[in-house]
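Using our numbering, count along the sequence shown one by one with no gaps and you end on 423.
C-beta: ideal position from N, C-alpha, C; glycine also.
Predicted, not measured: the structure shown is a model, and the values here were computed from it.
Okay, so here's the structure we're looking at.
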Amino acid sequence: MLDLKNISLAFDKKLSEIKSYDIERSELTREYRAEMEQMKAINPDMNKNLPPYSGAKFLEPGNLIHPFPFSWKDRNDAMEWVDSVLCDVPVGAVDGSQIYSDKNYEIPLAVIQVSRIFNRHSQNMDYKQETDAAIITPDEFEAASVYSFGSEYIDARRFSMECDGVVRLMNEYKGIFVLLDGALILSHINMLNKNIREIYVKAIMEILETSQKTRAPVIGFIDTTLPRDITLMMHFLFGLKKSKLPDTQLFSNMLWGERTAAFLCDRDDRRGDEARSVLDNYGIFRNELAFFYIRTGKGLPSRVEFPLWVHKEGMADKIADIIRAQCIIRSNYPDILMRAHDEAVIRTNEHELFYRMLENFCKVHGIKIHRSGKDFHKKLSR
42 MLDLKNISLA
52 FDKKLSEIKS
62 YDIERSELTR
72 EYRAEMEQMK
82 AINPDMNKNL
92 PPYSGAKFLE
102 PGNLIHPFPF
112 SWKDRNDAME
122 WVDSVLCDVP
132 VGAVDGSQIY
142 SDKNYEIPLA
152 VIQVSRIFNR
162 HSQNMDYKQE
172 TDAAIITPDE
182 FEAASVYSFG
192 SEYIDARRFS
202 MECDGVVRLM
212 NEYKGIFVLL
222 DGALILSHIN
232 MLNKNIREIY
242 VKAIMEILET
252 SQKTRAPVIG
262 FIDTTLPRDI
272 TLMMHFLFGL
282 KKSKLPDTQL
292 FSNMLWGERT
302 AAFLCDRDDR
312 RGDEARSVLD
322 NYGIFRNELA
332 FFYIRTGKGL
342 PSRVEFPLWV
352 HKEGMADKIA
362 DIIRAQCIIR
372 SNYPDILMRA
382 HDEAVIRTNE
392 HELFYRMLEN
402 FCKVHGIKIH
412 RSGKDFHKKL
422 SR
């Protein structure tokens, strides 16, 4: 049980540290925004002043902020605009969920479930939802040389299955726009062991190759995001203090529907002078991932990532409109991603159902399974 009194006292002790963090962030935001005046009209020639690993590079000339004027009087007007954007446009989405192996049940078994959604937004209701599930066994943990009761390997396998789902959608439906719940630029994998990191790299390479081959845009949508690509670029361009200020703080005053110009990602997430950035693992796609920020809700802007070829073919505005339309349907979050999540998510009570299934399976097949006494009493006390 959470001790609210002690937590309240701990907050009081840390008040000055939390306030100083907020003050520093606000001051940095003001400094960086002042220099953004020099970026209001983007000239890609400014890239000549940027070193390698500059965080980002200019890609889309013109205005830094792309306005989104609309004159909707009510939701019906907004939905008419949504229909004009999405009518007969094939859109897909993929999301996944998992049950990690639990040492309270001795045998290391995990579950991954992935959902694929397809919607052509046509009058004949061309809509399809499919779910795949997999059980990860002790032999698979051993073959991967990973800790059987950890989360990293399962997370990697889940991402791989999600990417398989993206590839299937791109191969099955011509001209589809596929949304993935998460980033295409996977900085977090730099902290992982090589064998797990390779699972991610192989999966992301496959979807980028398939996207390029089928000309089907794959779109990474990150609702809550903290990259520092543009702020690092501004550090190099304008001599600003290098900071941990996330890009989204720069654009927190954007209006609903507005997006930034598109940038080329050149992220510096190296850990040490001789280390590689995550994009250094992307082979021919090292310099082939673009992004922009877009305001679709009441919080900070969301980040949208996509292959460079999509920008070159003039589809950035189309992607922005699809995101806006999806967020109008669901209110502030892409509807099709939420549908994929709802179909894929494994809820807490279903975890317990899985372990009852496991116990029954072992009993039927004469497999001995020992359950933790502590876990047994924890469940009794609920």
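Kindly indicate which three-state DSSP category N104 falls into: helix, strand or coil? In this structure, N104 counts as strand in the three-state DSSP scheme.
Per-residue DSSP class, three states only, for K415: The predicted position of K415 is uncertain, since its pLDDT is 49 and thus under 50; no value can be drawn from it.
Helix, strand or coil for Y334? Go by DSSP, reduced to three states. Three-state DSSP puts Y334 in a strand.
Can you pull the DSSP bridge partners for V259? Paired residue(s): V219.
Go to T272, then tell me how far its alpha helix (DSSP H) extends in each direction, as first and last residue. Element bounds for T272: 270-279.
Any contact of the region 290-300 with the region 176-191, i.e. 3+ C-beta pairs under 8 angstroms? Contact between the region 290-300 and the region 176-191 is not established, with fewer than three Cβ pairs separated by less than 8 angstroms.
Answer yes or no: do P179 and F218 have a C-beta to C-beta separation smaller than 7 angstroms? Their beta carbons are not under 7 angstroms apart, which means P179 does not touch F218 by this criterion.
Does the distance from the C-beta atom of I260 to that of I158 stay below 7 angstroms? Not a contact, by the Cβ cut-off of 7 angstroms.
Start and end of the beta strand (DSSP E) containing T266? Boundaries cannot be given for T266, as no beta strand (DSSP E) includes it and DSSP labels it neither H nor E.
Does DSSP classify T289 as helix, strand or coil? T289 sits in a helix when the DSSP states are folded into three classes.
According to the Cβ coordinates, are I248 and R198 closer than 7 angstroms? It is not a contact, given that the beta carbons lie outside the stated cut-off.
State the start and end residues of the unbroken beta strand (DSSP E) segment that holds T172. It spans 168-177 - the beta strand (DSSP E) in which T172 sits, taken as one unbroken run.
List in chain order: all unbroken beta strand (DSSP E) runs of 3+ residues lying wholly within the region 194-243. Entirely contained in the region 194-243, the beta strand (DSSP E) runs reaching 3 residues are, in chain order, 218-222.
Tell me whether the beta-carbon of L100 lies closer than 7 angstroms to the beta-carbon of F277. Not a contact, by the Cβ cut-off of 7 angstroms.
Thinking C-alpha only, which one of D310, S142, K169, E72 is nearest G96? Shortest Cα-Cα distance from G96 to any of D310, S142, K169, E72 involves D310.
For S156, which three-state DSSP category applies? It is a strand residue.
Near S142, what residues of its chain come up, given a Cβ to Cβ distance below 7 angstroms and the 5 sequence neighbours on each side ignored? Closer than 7 angstroms at the Cβ level, and outside the excluded window around S142, lie P149, L150, A151, S189, F190.
Would you call the region 198-215 and the region 339-353 touching, i.e. three or more CB-CB distances under 8 angstroms? Too few Cβ pairs lie closer than 8 angstroms, so no.
Continuous beta strand (DSSP E) assignments of at least 3 residues falling wholly in the region 89-137: Counting only runs of 3 or more, we get 96-99.
Check whether the Cβ atoms of V345 and F326 lie closer than 7 angstroms to each other. In this structure, V345 lies away from F326, with their beta-carbon atoms at least 7 angstroms apart.
Within 10 angstroms of its Cβ, does L227 collect 16 or more other Cβ (buried), or is it exposed? Burial is judged here by how many other beta carbons sit within 10 angstroms of a residue's own beta carbon; L227 has at least 16 and is buried.
What are the boundary residues of the beta strand (DSSP E) that includes F347? Membership of F347 in the beta strand (DSSP E) is indicated by the continuous run 343-348.
Would C306 pass as a contact of L330 if the rule is Cβ separation under 7 angstroms? For C306 and L330, yes; Cβs fall inside 7 angstroms.
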